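In terms of full-length UniProt numbering, the sequence shown opens at residue 1 and continues consecutively.
Every residue gets a Cβ at the ideal spot worked out from N, C-alpha and C, and that includes glycine.
It should be emphasised that the depicted structure is a prediction, and the values quoted were computed from it without experimental measurement.
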Amino acid sequence: MPEVNAQLKQLVKTRHLSDARAMFDKMPYRDEITWTNMISGYVNASDSSEALDLFSNMCIQPGLRMDHFMLSLALKACALILNLYYGELLHGYSVKSGFVNSVFVGSALLDMYAKIGKIEQGCRVFNEMPIRNVVSWTTIITGLVRASYNMEGLVYFCEMQRSKVEYDAYSFAIALKACVDAGALNYGRSSFVANTLATMYYKSGKLDYGMCLFEKMRTQDVVSWTTIITTYVQMGQAEHAIEAFMKMKELDVSPNEYSFAAIICSVGNLARIEWGEQLHAHVLCVGFVDLLSVANSVMTMYSKCGQLTSASLVFHGMTRKDVSWSTIIAAYSQGGYGEEAFEYLSWMRKEGPKPNEFAFSNVLSVCGSMAILEQGKQLHAYVLFVGLERIALIQSALINMYSKCGSIKEASKIFDVMENDDIVSWTAMIVGYAEHGHSQEAIDVFEKIPKVGLGPDAVSFIGVLTACSHAGLVDLGFHYFNLINNKYWINPSKEHYGCMIDLLCRAGRLTCRVQGDVDCGICSVEEILKLDPSIAGAHITLANIYATRGRWREATNLRKMMKAKGVVKELGWSWIKVNDQVSAFVAGDRSHPQGEYIYSMLDLLASRTKILI
């Protein structure tokens with residue numbers, strides 16, 4: 001079936017609709033993907049009548065399940081022919097089935113109501129959407145501006161800006177049109193235009209131009225300063241964001257909730273818990289802590305600083321929770337607390353909103369990290385039940401989970417039937433193949449990336465370099481390494497250099513440790529530490545070189561220096577599943593109630609293993 005669907009999809013993509021329909025009609029069995037491919041072909045060709053006829057026919061077929069993607073296609077068809085009656089029926093169905101919470105369905109509803117002229121209904125849909133992306137924001141702004149509600153459109157644009165949503169060129173164009181149509185310049189509201197242009201410069205990488213425009217603005221209001229702070233945060237320049245926030249305070253410009261949300265986010269990125277606690281106290285004093293954007297930022301800040309208990313307290317103190325559920329699940333998932341992440345997901349299903357793709361992807365990540373395949377399969381089944389399996393984020397999470405659990409064939413099956421060309425999913429498959437020793441398959445997938453119109457990212461290169469390392473393909477590895485910066489303008493990171501060192505070591509071309517060449521080893525470590533002085537692995541490698549040559553004093557001194565500088569090796573975690581109960585252990589941890597018994601048993605096993613050897 002996947003091969004036939006792939007052929008049908010290719011015919012649809014190349015606009016051979018007559019051939020695609022002939023093939024569709026002759027198929028003895030059609031699954032959900034078959035119907036979706038054919039309907040999407042008609043929608044993209046603006047043949048809405050045929051698309052809706054097919055959709056209606058599909059709905060009465062036994063054994064087929066509706067999903068958010070099919071529903072969004074039908075709503076697009078309604079928008080094209082201004083069919084309000086059918087569209088409202090589908091809206092009712094989406095509410096009853098829960099698909100209205102999907103960003104795809106919500107955006108399609110917005111577009112339909114805006115094109116039909118029911119902008120008030122569109123606004124109601126937008127305001128009730130739990131998740132909004134650039135498409136949904138741009139759709140509501142466009143609908144308002146085209147209906148001559150220019151100032152309302154600008155208000156939504158400012159909200160979009162404060163919500164840290166990535167803009168596209170169309171968003172800027174429609175906002176500038178609203179400024180002109182509303183006569184914003186004549187009424188002294190030039191900050192709308194200036195902020196829009198400044199943000200456009202920032203997004204296009206012209207930070208200097210944006211700053212120059214900002215400095216020339218007659219009125220540097222809270223929106224302008226928040227734009228500056230948010231831009232610095234998004235560019236990874238947290239220190240500059242904090243400097244801008246302090247300057248804003250010095251000029252007696254009062255921060256709003258979005259200013260606080262952005263600066264708290266930057267403090268979290270720096271893991272400066274003392275600053276984060278001060279900001280938390282500040283928002284408590286000014287009464288902003290109950291606002292969702294601020295509360296979610298505080299919670300994220302605590303989780304990034306490793307203070308999960310504080311993050312949990314913030315979550316439990318929130319009177320209203322939306323994406324907060326996904327945030328707390330992500331915090332525990334990324335912190336290595338898989339059991340707690342599962343508990344929050346279960347609680348969310350009982351008392352919170354319907355779990356979305358962000359919540360599921362984080363818990364699937366936990367399943368992969370803990371290698372608990374059975375729970376991963378159960379989550380996969382639930383994802384299928386709620387119809388989220390075609391979302392790119394879910395697909396990449398499933399590929400990653402199955403790969404880490406050792407089921408590379410299952411990961412490959414999901415990858416082969418993917419409809420969305422998403423670099424994250426492609427990268428997950430490359431890394432999965434590489435980690436399982438399927439080097440040629442990883443390289444083949446990497447080579448196909450440009451052919452589907454995508455560009456590899458930094459993680460894609462880590463995957464393909466790992467594949468080259470495992471296969472001993474030194475020359476090919478150097479070829480890919482040179483492409484990183486020369487062709488794709490990506491700055492090589494310490495992970496890329498680490499892959500190259502591993503590649504050379506495996507091929508026997510880097511022998512400083514094997515031969516005991518301490519001087520070469522020292523030079524290598526110094527170069528690596530120039531990239532990142534906090535890399536514990538570089539210090540440990542040099543200590544091992546000293547130890548290999550019997551230079552124990554130097555090795556000991558190096559370990560002491562690491563301790564003095566606060567350089568700590570990331571602790572290893574292990575999980576074991578006994579009677580459906582998963583227990584987690586950290587290397588060297590003796591806090592477990594049965595710790596003495598556990599370590600005694602380990603010593604016994606180790607001694608018996610030595611006897612057998």
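Could you check what DSSP says for residue i in three-state terms: helix, strand or coil?
i: Leu-144; result: helix
i: Pro-456; result: coil
i: Tyr-488; result: coil
i: Ser-346; result: helix
i: Glu-419; result: coil
i: Tyr-332; result: helix
i: Arg-189; result: Because the pLDDT of Arg-189 is 46, which lies under 50, any placement of that residue in the model is unreliable, and the number read from its coordinates should be weighed accordingly. In this structure, Arg-189 counts as coil in the three-state DSSP scheme.
i: Ala-507; result: coil
i: Thr-14; result: coil
i: Leu-470; result: Rather than Leu, the amino acid found at residue 470 in this sequence is His. His-470: helix per DSSP, three-state reduction.
i: Ile-372; result: coil
i: Cys-78; result: helix
i: Gly-498; result: helix
i: Tyr-599; result: helix
i: Val-4; result: helix
i: Leu-291; result: coil
i: Arg-65; result: coil
i: Ala-606; result: helix
i: Glu-389; result: coil
i: Ala-45; result: coil
i: Gly-550; result: coil
i: Arg-513; result: Note that Arg-513 scores 49 on pLDDT, short of 50, meaning its location in the model is unreliable and no value can be drawn from it.
i: Gln-307; result: coil
Determine the contact status of residue i and residue j, defining contact as a CB-CB distance below 7 angstroms.
i: Tyr-113; j: Gly-122; result: yes
i: Ala-74; j: Phe-99; result: no
i: Ser-326; j: Ala-359; result: yes
i: Asn-109; j: Val-125; result: Asn is not the amino acid found at residue 109; the sequence shown has Leu there. Yes, these two residues count as a Cβ contact at 7 angstroms.
i: Ser-460; j: Ile-430; result: yes
i: Met-301; j: Val-267; result: yes
i: Ala-397; j: Ser-425; result: no
i: Ser-293; j: Ala-261; result: yes
i: Ala-77; j: Leu-52; result: yes
i: Tyr-156; j: Ile-174; result: no
i: residue 614; j: Tyr-480; result: No answer is possible for residue 614: it lies beyond the span of the chain, which begins at 1 and ends at 613.
i: Val-445; j: Asp-421; result: no
i: Phe-288; j: Met-299; result: no
i: Ile-263; j: Ile-229; result: yes
i: Pro-353; j: Pro-130; result: yes
i: Ala-331; j: Ser-303; result: yes
i: Thr-138; j: Ser-171; result: yes
i: Ala-507; j: Gly-472; result: yes
i: Val-383; j: Ile-394; result: yes
i: Ala-45; j: Leu-82; result: no
i: Ala-341; j: Val-363; result: yes
With distances taken Cα to Cα, identify the nearest neighbour of residue i among the options.
i: Ile-372; options: Asn-256, Val-289 and Ser-403; result: Ser-403
i: Glu-257; options: Glu-243, His-280 and Arg-272; result: His-280
i: Glu-351; options: Arg-65, Arg-320, Leu-503 and Gly-455; result: Arg-320
i: Gln-378; options: Met-401, Pro-255, Arg-390 and His-479; result: Met-401
i: Lys-26; options: Ile-263, Val-4 and Ser-361; result: Val-4
i: Leu-388; options: Leu-17, Lys-13 and Arg-65; result: Arg-65
i: Ala-79; options: Val-43, Glu-410, Tyr-93 and Ser-97; result: Val-43
i: Ser-259; options: Leu-605, Ala-295 and Arg-272; result: Ala-295
i: Arg-162; options: Asp-603, Val-233 and Gln-395; result: Val-233
i: Ala-6; options: Leu-504, Ser-171, Val-417 and Gly-455; result: Val-417
i: Val-103; options: Ser-439, Glu-357 and Ser-361; result: Glu-357
i: Gly-306; options: Gly-317, Ile-273 and Val-283; result: Ile-273
i: Met-348; options: Asp-322, Gly-368 and Gly-335; result: Asp-322
i: Glu-68; options: Gly-437, Arg-390 and Val-145; result: The displayed chain sequence assigns His, not Glu, to residue 68. When each option's Cα is compared against that of His-68, the closest is Arg-390.
i: Glu-159; options: Lys-177, Ala-147, Arg-132 and Asp-181; result: Arg-132
So residue i and residue j are in contact, right, with Cβ under 8 angstroms, and what is the actual spacing, rounded?
i: Tyr-149; j: Ile-119; result: 7 angstroms
i: Thr-34; j: Met-70; result: Contact flag wrong, Cβ pair sits at about 11 angstroms.
i: Val-253; j: Trp-225; result: 6 angstroms
i: Ala-467; j: Ala-434; result: 4 angstroms
i: Ala-458; j: Ser-493; result: 6 angstroms
i: Pro-255; j: Val-223; result: Actually they do not touch by this definition, with Cβ atoms about 11 angstroms apart.
i: Ser-365; j: Ser-333; result: 6 angstroms
i: Ile-484; j: His-470; result: 19 angstroms between Cβ atoms; not a contact.
i: Gly-338; j: Ser-369; result: 7 angstroms
Below 6 angstroms, is the gap between the Cβ of residue i and the nearest heavy atom of the ligand GDP?
i: Leu-11; result: Among the components of this structure there are no ligands whatsoever, and the ligand GDP is therefore not found.
**OP:** At 4 residues or longer, and completely inside the segment 234 to 286: list those alpha helix (DSSP H) runs for me, N to C.
**Re:** Qualifying alpha helix (DSSP H) stretches, in chain order: 238 to 250, 257 to 270 and 273 to 286.
**OP:** Would you list, in sequence order, the uninterrupted alpha helix (DSSP H) runs of no fewer than 4 residues that lie entirely inside the segment 75 to 114?
**Re:** 84 to 97
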